[in-house]
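Start counting the sequence shown at 1; every next residue gets the next number (UniProt numbering).
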Amino acid sequence: MSSRQLRKLQKQRDLEKTQEVVVQSSEESDVDQGPVVAKPRVSLFAALGGAEAHDEDDIENDEDAGLETQEPVSDLQQPSEVKSKKKKKKKKKKAQAKAMTSDAADANDDEEDEIDRAIKELNITTSTNNGSSAAVAAAAQASTQRINELLSINPYYLKAVNEMRNLFGREVMESAEAEEGQERNRRRHEPAQRQVDLETFLRGRPDAKKLSEVSLRRNVFIQGREHWPRQPAGGLTMREVKKAEDGTWTEYAYVHEGDYDGVQTLFFGCVQMADPMKMVSLLQKAPYHVSTLLQVSSVAKQDQNMALAAELYERALFTFGRVTTSAFRQDMEQGRARLDFRRPENRQFWLAGYLYLKSLIRKGTYRTALEWAKLMYMLDPRDPYAMRHFIHPLALRVHESRWLVDFLDEIDSTSDNRDTVYLRQSVVLAKLQMADIEGARADLVMGMKRVPWLYCELFQELNLDTPPSIWGLSADSDARSFWVKLYIYQAKDLWNNAQAIGLLQSVAKDLAKVDTNNLPAWDTPADLGATRLAYLEGQTSLLSTAPRDILNSQPNYEFDPLPPPEEENIFTGEGTRLPWKERQSSDFEVRLMDMLVHRAGRAARRGAGAVAGADEQGDVPVEQLAREQEELHRELQARMQQETEGGLQQQVRRAGAEDDGRDLYATLMRLLGHGNGPLAEADAEADAEADDSAGDRDEGPEEPERPPGAWPEDSDE
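This is how it looks when you write it as structure tokens:
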């Protein structure tokens with residue numbers, strides 16, 4: 001028998017003796033040793049099936065390789081014995097690993113690892129800066145994604161007809177549409193009237209072709225009306241400009257192509273003439289020119305026809321919706337679409353959206369108005385039309401309190417405008433709607449301590465006695481006064497209820513006198529967007545405290561109010577660049593008048609055969625021609641003045657005359673270098689016919705061409 005087998009037999013006897021001792025001790029004691037027995041059983045199997053058996057087999061190779069059976073091992077084994085074996089094995093392995101590591105270190109002592117060398121060569125501050133910039137970029141991306149989620153658009157809420165059906169019922173809306181249809185049929189069968197109002201004139205002929213039902217209902221912005229003319233957008237298109245690398249936004253742009261830019265040039269000429277009826281006639285020829293639609297809407301408002309003005313706003317937005325791409329619509333619904341306000345073509349969308357938003361508020365369709373305010377804020381988060389000052393009252397009116405709190409929290413953490421502290425006062429009303437009375441009280445206490453001048457003004461506007469805690473703390477600068485007046489102008493009615501007034505009085509009564517020494521000494525002045533909003537609202541209280549340098553900036557037209565400075569604009573067409581040209585409106589009118597007089601003089605000379613004193617070649621005497629030109633000059637001036645000051649009905653009749661203004665539009669197109677535009681084709685044909693007829697009567701030599709605006713040269717006779 002080998003020595004190894006003898007050692008195993010000896011160990012087995014020792015284990016049996018130990019087992020007998022353990023059993024006797026367990027019988028004498030009341031303590032249960034079950035858990036102690038289970039633990040070494042697990043360790044024993046792990047040791048027998050692991051590295052121990054492998055090591056013992058390696059040792060036995062030289063002693064006895066023919067062992068076929070082994071004696072059974074008892075299930076019980078002392079824990080200390082198993083632990084000691086494990087410790088010996090661990091020490092042995094550690095020693096071997098340490099020896100191998102030391103050998104490898106000695107072998108590669110003179111060679112540095114390539115990665116370690118590269119790390120040592122890098123500057124530690126560079127890695128720190130890269131880490132911080134990456135963290136900032138990640139935070140910005142997360143903020144953009146969050147604001148995109150908050151400003152995602154539901155196209156269903158963009159259309160007022162859907163809210164009208166929810167408010168008044170489908171039957172009422174269908175009945176109103178039926179009445180409108182009957183009225184249109186009645187007008188269609190009536191004889192044509194020589195004197196019509198502006199709305200009837202713009203509707204055109206009843207039998208004219210209309211847009212298809214699919215195009216009317218598929219528009220992403222506005223549901224079209226059946227009587228709108230069937231004509232294309234005329235060169236207005238949309239294209240993608242650029243996309244963020246992280247995919248958080250995509251910028252698009254509206255573009256004036258070809259004929260549309262020519263019409264834009266003609267539109268600016270009509271604006272310079274200050275003749276509203278020429279603008280109405282232009283709209284009849286270009287029914288989907290956005291700038292003309294918005295300008296004629298001002299004529300409708302002056303005539304107290306607010307329904308027609310709202311319809312023109314809708315047609316302008318309908319035109320924008322006709323040219324949108326499917327990618328834009330998808331990005332808009334997910335809050336990722338962007339438009340650059342620095343492009344004049346895009347600014348027309350903001351103006352149309354603002355005017356339509358005001359009409360929605362007048363009709364009481366606040367849910368649709370909120371969706372439009374969110375859309376205009378989402379398209380440019382710099383907020384060029386200060387839509388944030390519309391969003392908070394509209395969200396409260398439609399009980400979107402939870403959304404409003406999240407939105408104000410987000411812009412408060414990302415915006416650098418200090419007016420957000422005023423907007424956050426609407427959180428008090430939002431929490432009242434959510435029945436969070438304690439939260440509303442806490443926010444109101446903080447608000448009274450932070451902007452006491454706002455609440456002092458609010459108490460006065462609500463005809464309440466100002467409490468001693470905030471009495472006499474009025475705005476001490478134009479900037480603070482502007483923000484206070486703008487907030488109260490938008491949200492005063494929302495505070496005028498029993499619950500809000502009771503909370504105001506309760507908190508102000510328990511509050512100690514507010515110490516203004518720890519508050520900021522000044523507030524940020526109104527930016528360009530807020531000033532533009534005040535300008536469009538036309539409130540004298542706001543305009544009196546708005547920055548004068550912004551209000552006095554030029555150019556400033558009704559179709560593009562308070563645009564950015566010229567160097568910040570992105571121009572893609574000549575029509576949108578005209579307001580920044582060096583030539584002023586007075587120069588334009590003088591050139592236009594000279595051109596009209598020159599053309600009238602040429603026409604008079606062509607038909608001079610019937611004039612007394614004409615020579616045999618048909619020329620008019622110089623003295624008589626000069627007198628006629630002076631009379632024509634005075635007549636044109638008087639006519640323009642009369643049309644400007646005349647009544648609306650008379651102006652519409654004049655604009656409806658087919659011959660009236662034909663020469664004017666052709667002259668404007670040629671004067672501005674767009675003689676081949678689509679609106680000038682009929683005028684060119686008429687001029688050609690007139691020239692042919694005049695050529696048959698005029699047998700004299702052809703008159704030399706002269707530059708635009710030049711008077712006919714005096715002959716030697």
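Even glycine gets a Cβ: it sits at the ideal position worked out from N, Cα and C.
All values derive from a computational prediction rather than experimental measurement.
- Within the same chain, SER152 come within 6 Å of GLN334 by CB-CB distance, once the 5 residues on both sides are set aside.
- Annotated three-state conformation of GLU240 is strand, per DSSP.
- VAL296 counts as buried, since at least 16 other C-beta atoms from the protein chains shown sit within 10 angstroms of its C-beta.
- Taking each of ARG342, GLY234, GLN302 and TYR313 in turn and checking the Cα distance to VAL323, the smallest one comes out for GLY234.
- Distances from the alpha-carbon of ALA139 to those of ILE437, GLY258 and ASP246 put ASP246 closest.
- CA-CA distance, ASN305 to ILE437, rounds to 45 Å.
- Beyond the five residues adjoining it in sequence on each side, LEU454 comes within less than 7 Å, by CB distance, of TYR422, GLN425, VAL484 and TYR487 in the same chain, given in chain order.
- Annotated as distal: ALA534 and LEU528, with beta-carbon spacing of 7 Å or more.
- Here LEU404 is actually not in contact with TYR366; their C-beta atoms are around 13 Å apart, not less than 8 Å.
- Note: ARG338 is bridge-paired with GLU251 in the DSSP secondary-structure output.
- Collapsing the DSSP output to three states places LYS159 in coil.
- Between SER415 and GLY262, the alpha-carbon positions lie close to 40 Å from each other.
- Note: ASP412 is not bridge-paired with any residue in the DSSP secondary-structure output.
- Burial is judged here by how many other beta carbons sit within 10 angstroms of a residue's own beta carbon; THR200 has fewer than 16 and is exposed.
- Where ILE470 is concerned, there is no enclosing alpha helix (DSSP H), because DSSP gives it neither an H nor an E.
- By the CB criterion at 7 Å, PHE482 and ALA526 fall inside the cutoff.
- Of the residues assessed, PRO520 falls on the exposed side of the cut-off, its CB having fewer than 16 other CB atoms within 10 angstroms.
- In the three-state reduction of the DSSP assignment, LYS513 falls in the coil class.
- Distances from the CA of LYS363 to each of GLY573, PHE168, PRO564 and ILE147 were compared; the closest alpha carbon is that of PHE168.
- In this structure, PHE320 sits away from THR292, with a CB-CB distance that is not shorter than 7 Å.
- In this structure, DSSP gives PRO555 a state outside helix and strand, which the three-state scheme calls coil.
- Counting the other Cβ atoms within 10 Å of the Cβ of GLU345 gives 16 or more, which makes it buried.
- The Cβ-Cβ distance between LEU158 and PHE221 falls below 7 Å.
- For HIS392, the three-state secondary structure derived from DSSP is helix.
- DSSP places PRO229 in the strand class (E or B) of the three-state scheme.
- Its chain contains ARG230 as the residues whose beta carbon lies nearer than 7 Å to that of LYS209, once the 5 sequence neighbours on both sides are disregarded; these appear in chain order.
- Contact between ASP419 and THR524 holds, with the beta-carbon distance rounding to 7 Å and staying under 8 Å.
- DSSP places ASP443 in the helix class (H, G or I) of the three-state scheme.
- The beta carbon of ILE391 sits closer than 6 Å to those of ALA373, all from its chain and outside the five residues before and after it, given in chain order.
- DSSP places ASP261 within a helical segment (H, G or I) once states are collapsed to three.
- Under a 10 Å Cβ-count criterion, PRO276 is classified as buried, with 16 or more other Cβ atoms of the shown protein chains found around its own Cβ.
- Judged by DSSP secondary structure, ARG205 falls outside any alpha helix (DSSP H); it is assigned neither H nor E.
- Close CB contacts of TYR260 within its chain, under the 6 Å cut and outside five residues either way in sequence, are with GLY234, GLY235 and LEU236 (chain order).
- By the Cβ-count criterion, ARG532 is buried, with 16 or more other Cβ atoms from all chains shown falling within 10 Å of its own Cβ.
- Per DSSP, the continuous alpha helix (DSSP H) segment holding GLN433 begins and ends at 426-433.
- Looking at TRP228, PHE341, GLY502 and GLN330, the one whose alpha-carbon comes closest to that of GLU568 is PHE341.
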